[in-house]
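Position in the sequence shown (first residue = 1) + 108 = the working numbering.
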Amino acid sequence: MNAITVDNLRRVYLAKTGVIRRQTKEVTAVEGISFEVGQGELFGLLGPNGAGKTTTVKMLTTLLIPNSGSAGILGFDLVRQAADIRPRIGFIFGGERGLYWRLNAFDNLRYFANLYHMPPDTANKRIPELLELVGLDGRGDEKIEGFSKGMKQRLHVARALLHDPDILFLDEPTLGLDPVGARELRHTVLDLQSQGKTILLTTHYMFEADALCDRIAIINHGQIVALDTPKGLKKTHVGDLSVVDVEVFGIPAEVVERIRALDGIETASVEDFDQRQILHVQTPLGQQAVAPVLRLLETEGLRVGSVAPREPTLEDAYVRLVGGETA
Ligand SMILES: Nc1ncnc2c1ncn2[C@@H]1O[C@H](COP(=O)(O)OP(=O)(O)OP(=O)(O)O)[C@@H](O)[C@H]1O
Ligand SMILES: [Mg+2]
Numbered sequence: 109m110n111a112i113t114v115d116n117l118r119r120v121y122l123a124k125t126g127v128i129r130r131q132t133k134e135v136t137a138v139e140g141i142s143f144e145v146g147q148g149e150l151f152g153l154l155g156p157n158g159a160g161k162t163t164t165v166k167m168l169t170t171l172l173i174p175n176s177g178s179a180g181i182l183g184f185d186l187v188r189q190a191a192d193i194r195p196r197i198g199f200i201f202g203g204e205r206g207l208y209w210r211l212n213a214f215d216n217l218r219y220f221a222n223l224y225h226m227p228p229d230t231a232n233k234r235i236p237e238l239l240e241l242v243g244l245d246g247r248g249d250e251k252i253e254g255f256s257k258g259m260k261q262r263l264h265v266a267r268a269l270l271h272d273p274d275i276l277f278l279d280e281p282t283l284g285l286d287p288v289g290a291r292e293l294r295h296t297v298l299d300l301q302s303q304g305k306t307i308l309l310t311t312h313y314m315f316e317a318d319a320l321c322d323r324i325a326i327i328n329h330g331q332i333v334a335l336d337t338p339k340g341l342k343k344t345h346v347g348d349l350s351v352v353d354v355e356v357f358g359i360p361a362e363v364v365e366r367i368r369a370l371d372g373i374e375t376a377s378v379e380d381f382d383q384r385q386i387l388h389v390q391t392p393l394g395q396q397a398v399a400p401v402l403r404l405l406e407t408e409g410l411r412v413g414s415v416a417p418r419e420p421t422l423e424d425a426y427v428r429l430v431g432g433e434t435a
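Printed below as a string of structure tokens:
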């Protein structure tokens with residue numbers, strides 16, 4: 109049996125528009141998606157802003173009712189058997205609040221355990237185990253107002269695990285964390301998987317999805333546009349391409365458009381750094397295809413720094429699939 113089976117799930121929102129003449133219009137957030145997640149699998153949902161990731165997670169965690177389609181969680185029907193599903197799943201949403209700053213970590217968890225009607229003895233035994241699991245052992249008696257964002261996020265994960273769910277839904281768990289905090293949280297996620305949990309994760313960070321996920325669904329405009337292992341996605345979608353990174357300084361969007369239109373260029377995307385940008389040029393023709401790009405930049409009077417060919421990454425596959433929209 110699969111942990112999660114999604115069949116043609118669809119969700120429409122009624123969005124209000126206008127201030128004086130209030131009207132409603134329909135926004136289709138999820139347009140009939142289907143996928144399966146095996147037990148113990150770490151499955152990623154990747155896609156640009158507004159792609160429908162959170163809506164999907166909200167439906168699968170019984171917080172939002174689908175308009176049509178169906179889904180099974182551990183064999184239970186999402187709509188008809190929601191009460192059977194809830195004790196078996198846990199979830200966190202990125203940038204979530206809802207911890208009590210003046211309480212210590214232990215009491216925060218005890219508060220939620222109480223809400224979930226967990227007997228105090230069980231809670232007192234379970235909470236230290238959870239704190240250890242998320243790398244907060246020995247910190248239980250500290251008030252969380254002194255916790256870093258990463259520590260708070262790991263406490264959220266502990267909160268989601270209180271009732272020992274089989275499946276964990278993590279919507280952008282590393283949102284807003286610094287690199288160290290994010291890395292620690294990724295370790296926690298892998299630890300959870302090694303303990304047999306099934307995990308569905310959404311993220312905007314490609315390297316994170318590449319490093320963590322067994323399989324990834326790329327979702328755009330409410331539809332799944334690709335679903336495979338990270339390796340498979342790279343092979344299928346950018347296996348025939350080379351990528352050249354060109355360092356530029358102050359490149360206008362209009363020039364990027366013209367580069368995309370050059371012969372022999374599959375697509376190009378720009379990554380912004382402080383004073384400079386890296387132009388990622390995808391081409392099926394190898395490095396020589398970059399010569400016209402460099403000529404164009406020169407004609408525009410733009411300063412060019414390093415030019416470096418490299419292996420395509422998951423991000424390159426993503427850029428090709430969702431057409432240069434940033435994640
Ligand atoms: N409560 C709501 N009312 C109306 N429209 C909504 C509502 N929630 C989401 N939407 C719309 O549904 C679409 C999908 O939103 P969703 O939050 O699922 O995307 P997402 O992939 O999680 O994006 P992000 O990466 O920004 O978190 C968007 O067009 C969004 O504007
Ligand atoms: Mg979201």
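For each residue, glycine too, the CB sits at the ideal point set by N, CA and C.
Exercise for review: Report the partner residues of residue 328 according to the DSSP bridge assignment.
Suggested key: To locate residue 328, count along the sequence shown from 1; it is residue 220. According to DSSP, which records beta bridges pairwise, residue 328 is partnered with 331.
Point to revise | For residue 237, the three-state DSSP class (helix, strand or coil) | key: Residue numbering aside, residue 237 sits at position 129 when the sequence shown is read from its first letter. In this structure, residue 237 counts as helix in the three-state DSSP scheme.
Exercise for review: Answer yes or no: the CB of residue 135 versus the heavy atoms of ligand 1, is any distance below 6 Å?
Suggested key: Numbered from 1 along the sequence shown, position 27 holds the residue referred to as residue 135. Result yes, Cβ under 6 Å from ligand 1.
Review point. Just curious, the alpha helix (DSSP H) that residue 302 is in, first and last residue?
Key: What you label residue 302 is simply residue 194 of the sequence shown in a count that begins at 1. That run of the alpha helix (DSSP H) goes 287-302.
Point to revise | Element boundaries [beta strand (DSSP E), containing residue 222] | key: What you label residue 222 is simply residue 114 of the sequence shown in a count that begins at 1. Here residue 222 belongs to no beta strand (DSSP E); instead the alpha helix (DSSP H) covers 213-223.
Review point. With distances taken from CA atoms, which of 139, 356, 172 and 206 is nearest residue 159?
Key: The residue you call residue 159 lines up with position 51 of the sequence shown. Closest by C-alpha distance to residue 159, out of 139, 356, 172 and 206, is 139.
Point to revise | Helix, strand or coil at residue 251 [DSSP, three-state] | key: Sequence index remark: in the sequence shown, residue 251 carries index 143 (1-based). The answer is strand: DSSP assigns residue 251 an E or B state.
Exercise for review: May I ask whether a heavy atom of ligand 2 can be found less than 6 Å away from the beta carbon of residue 161?
Suggested key: Along the sequence shown, one-based indexing puts residue 161 at 53. In this structure, residue 161 has its CB closer than 6 Å to one or more heavy atoms of ligand 2.
Practice item. Just the C-alpha distance for residue 197 and residue 167, rounded to the nearest angstrom, thanks. Key: Against the sequence shown, residue 197 aligns to sequence position 89. Against the sequence shown, residue 167 aligns to sequence position 59. Roughly 12 Å between the two C-alpha positions.
Check your understanding: Any heavy atom of ligand 1 closer than 6 Å to the Cβ of residue 177?
Key -> Position 69 of the sequence shown holds residue 177. No.
Point to revise | Presumed contact (8 Å Cβ cut-off) between residue 238 and residue 269, rounded CB distance | key: On the sequence shown, position 130 is the one that residue 238 refers to. On the sequence shown, position 161 is the one that residue 269 refers to. Right, the Cβ-Cβ distance comes to about 6 Å (below 8 Å), so this counts as a contact.
**Study point:** Backbone CA spacing between residue 282 and residue 165 [nearest angstrom]
**Key:** Here residue 282 corresponds to residue number 174 of the sequence shown, with the count starting at 1. Here residue 165 corresponds to residue number 57 of the sequence shown, with the count starting at 1. Each residue's Cα considered, the two are about 16 Å apart.
Review point. When you compare only the Cα positions, how much space is there between residue 284 and residue 307?
Key: Mapped onto the sequence shown, residue 284 falls at position 176. Mapped onto the sequence shown, residue 307 falls at position 199. One C-alpha to the other measures close to 20 Å.
**Study point:** Euclidean distance between Cα positions of residue 127 and residue 119
**Key:** Your numbering for residue 127 matches position 19 in the sequence shown. Your numbering for residue 119 matches position 11 in the sequence shown. Here the C-alpha atom of residue 127 lies approximately 25 Å from the C-alpha atom of residue 119.
Review point. Looking only at C-alpha atoms, which of 360, 425, 294 and 252 sits nearest to residue 391?
Key: For the purposes of this step, residue 391 is taken as the residue at position 283 of the sequence shown. Taking each of 360, 425, 294 and 252 in turn and checking the Cα distance to residue 391, the smallest one comes out for 425.
Point to revise | C-alpha distance - residue 328 paired with residue 232, whole-angstrom precision | key: By 1-based counting over the sequence shown, the position of residue 328 is 220. By 1-based counting over the sequence shown, the position of residue 232 is 124. A direct Cα-to-Cα measurement between residue 328 and residue 232 gives close to 44 Å.
Check your understanding: Whose C-alpha, out of 265, 227 and 189, is nearest the C-alpha of residue 206?
Key -> Position 98 of the sequence shown, counted from the start, is the residue given in the question as residue 206. Taking each of 265, 227 and 189 in turn and checking the Cα distance to residue 206, the smallest one comes out for 265.
Review point. Just the Cα atoms here: how many angstroms apart are residue 105 and residue 174?
Key: No information on residue 105 is available, as it lies outside the stretch 109 to 435 that the chain covers here.
Exercise for review: Give the single residue among 416, 255, 147 and 225 whose Cα lies nearest to the Cα of residue 350.
Suggested key: As a first step, residue 350 must be located in the sequence shown, where it is residue number 242. Answer by Cα proximity: 416.
Check your understanding: Using the C-alpha atoms, what's the distance from residue 380 back to residue 437?
Key -> Here the chain covers residues 109 to 435 and nothing more, so residue 437 does not appear.
Review point. Can you name the residues that DSSP bridges to residue 377?
Key: Along the sequence shown, read from residue 1 onward, the residue named residue 377 stands at position 269. In the DSSP output, where bridge partners are listed per residue, residue 377 has 388.
Point to revise | Which residues DSSP lists as bridging residue 310, in chain order | key: Here residue 310 corresponds to residue number 202 of the sequence shown, with the count starting at 1. Residue pairing of residue 310 in beta bridges, as defined by DSSP: 153 and 279.
Check your understanding: If we ignore side chains and look at the alpha-carbon of each, how far apart do residue 364 and residue 244 end up?
Key -> Working through the sequence shown from its first residue, we reach residue 364 at position 256. Working through the sequence shown from its first residue, we reach residue 244 at position 136. One alpha carbon belongs to residue 364, the other to residue 244, and they sit about 46 Å apart.
Practice item. Return the CA-CA distance between residue 434 and residue 130, expressed in angstroms with no decimal places. Key: What you label residue 434 is simply residue 326 of the sequence shown in a count that begins at 1. What you label residue 130 is simply residue 22 of the sequence shown in a count that begins at 1. For residue 434, the predicted structure reports a pLDDT of 47, less than 50, and the residue's modelled location is therefore unreliable. The matter cannot be settled from this model.
Check your understanding: Helix, strand or coil for residue 435 per DSSP?
Key -> Taking the first residue of the sequence shown as 1, we reach residue 435 at position 327. For residue 435, the predicted model reports a pLDDT of 43, less than 50, meaning its position is unreliable; a value from the coordinates is still stated below. DSSP places residue 435 outside both helix and strand once states are collapsed to three, so it counts as coil.
Exercise for review: Note the first and the last residue of the continuous alpha helix (DSSP H) segment covering residue 361.
Suggested key: Along the sequence shown, read from residue 1 onward, the residue named residue 361 stands at position 253. Element bounds for residue 361: 361-368.
Check your understanding: Among the residues of its own chain, which have a CB less than 7 Å from the CB of residue 202, if the five just before and after it don't count?
Key -> Position 94 of the sequence shown, counting from 1, holds the residue named residue 202. Shown here for residue 202: same chain residues with a beta carbon closer than 7 Å to its own, the five before and five after excluded, namely 279, 280, 281 and 283 in chain order.
Exercise for review: May I have the straight-line CA-CA distance separating residue 253 from residue 260, to the nearest angstrom?
Suggested key: Residue 253 sits at position 145 when you count from the first residue of the sequence shown. Residue 260 sits at position 152 when you count from the first residue of the sequence shown. Answer to the nearest angstrom: the Cα atoms are 9 Å apart.
Review point. In its own chain, which residues sit with a C-beta less than 6 Å from the C-beta of residue 371, not counting the 5 before and 5 after it?
Key: Sequence index remark: in the sequence shown, residue 371 carries index 263 (1-based). Excluding sequence neighbours, residue 371 sits near nothing in its chain.
**Study point:** Beta-carbon contacts of residue 428 that lie in its chain and below 8 Å, excluding the five residues immediately before and after
**Key:** As a working note, residue 428 is residue 320 in the sequence shown. Close CB contacts of residue 428 within its chain, under the 8 Å cut and outside five residues either way in sequence, are with 345, 346, 349, 374, 375 and 390 (chain order).
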